[in-house]
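Residue numbers (this note's numbering): 2 to 214. Ideal Cβ placement from N, Cα and C applies to all residues, glycine included. Keep in mind the model is a prediction, meaning the values are calculated, not measured.
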Amino acid sequence: MGLKEIEKIINKHSGEQRAEIINYYKKMVDDAVESQSRIDSKLVRLVVDASRYLPSSERQLILDKTVNTKAFQIRTFILNTLKSDFSTEKSHFSSFSEWMVVAIQEISNTFYEANDKLPAPIDKELVENFHKKFCGELRLIFCSNEKFGSAGNQLLIDLKKYFESFEGFEDEKTFLTDRVRKNFNIGKAFTKEKINEIFGQIEQGNSERRIVK
């Protein structure tokens, strides 16, 4: 059910009946977020459309719950998938980590409209809030008392891939990158220029492989 269908139903009624229908949609989207094992684009569209008729404070609560639930789901996936030990040493980087590639695809499929360039958000405010929350989750996962060796540069490369995949949330990008860099042992973090160089090489290699296929 889309926004037009919801509007059509609500606009047929007034007074208490209208309020009851709006409360019904509120409960419907609230229950849907609570019960779904996976937040997908269909549910996100329902939440965005149905919540437009709610008071701003109630709408924000449901949108926040959707964002927080999805960020937690992806965080759980990363923790269950991550195998890298960033405290070790590594000198060669030839690909993006699988967990980041999957996370980017999941974010894109859930919150964005597909197109040929950068994906367009289903709802700009919702997407912006998701990325803020997700950057916080990444900080909690990776920034700890254990310092990174040169292997930690894989994380900087992966973060650049994430940042290049989506527009906006510039303050969070800068804060997270700076925080991750502080987690390195002295002299182990590559310069921004070196990270950009490796990122470009990986992207070029991926493009060439797609052409060959």
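Own chain, CB closer than 7 Å to residue i, minus 5 neighbours either side, in chain order
i: residue 96; result: 203
i: residue 107; result: 75
i: residue 199; result: 94, 158
i: residue 139; result: 177
i: residue 79; result: 100, 104, 142
i: residue 92; result: 151
i: residue 132; result: 167, 169, 170, 173
Residue i, buried or exposed, once every other Cβ within 10 Å from all chains shown has been counted against 16
i: residue 154; result: buried
i: residue 146; result: exposed
i: residue 173; result: buried
i: residue 98; result: buried
i: residue 156; result: buried
i: residue 134; result: buried
C-beta atoms of residue i and residue j nearer than 8 Å
i: residue 123; j: residue 112; result: yes
i: residue 1; j: residue 86; result: In the structure as shown, the chain begins at 2 and stops at 214. Residue 1 is therefore absent and cannot be evaluated.
i: residue 143; j: residue 181; result: yes
i: residue 197; j: residue 148; result: no
i: residue 160; j: residue 178; result: yes
i: residue 169; j: residue 89; result: no
i: residue 40; j: residue 84; result: no
Contacts around residue i, its chain only, beta-carbon distance under 8 Å, and the 5 residues preceding and following it disregarded
i: residue 130; result: 64, 65, 68
i: residue 34; result: 40, 44, 48, 63, 66, 67, 70
i: residue 32; result: none
Own chain partners of residue i with C-beta closer than 6 Å, once the 5 adjacent residues on each side are dropped
i: residue 166; result: 105
i: residue 187; result: none
i: residue 59; result: none
i: residue 128; result: 112, 122
i: residue 82; result: 100
Worksheet entry | Every unbroken alpha helix (DSSP H) within the region 60-109, with a cutoff of 4 residues, ordered by chain | none
Worksheet item: Within the chosen definition, does the region 51-64 reach the region 74-91 through at least 3 CB pairs nearer than 8 Å?
Response: no
Practice prompt. Run through the region 153-199 for me and flag every whole alpha helix (DSSP H) of 4 or more residues, listed as ranges in chain order.
Written response: 154-166, 171-182
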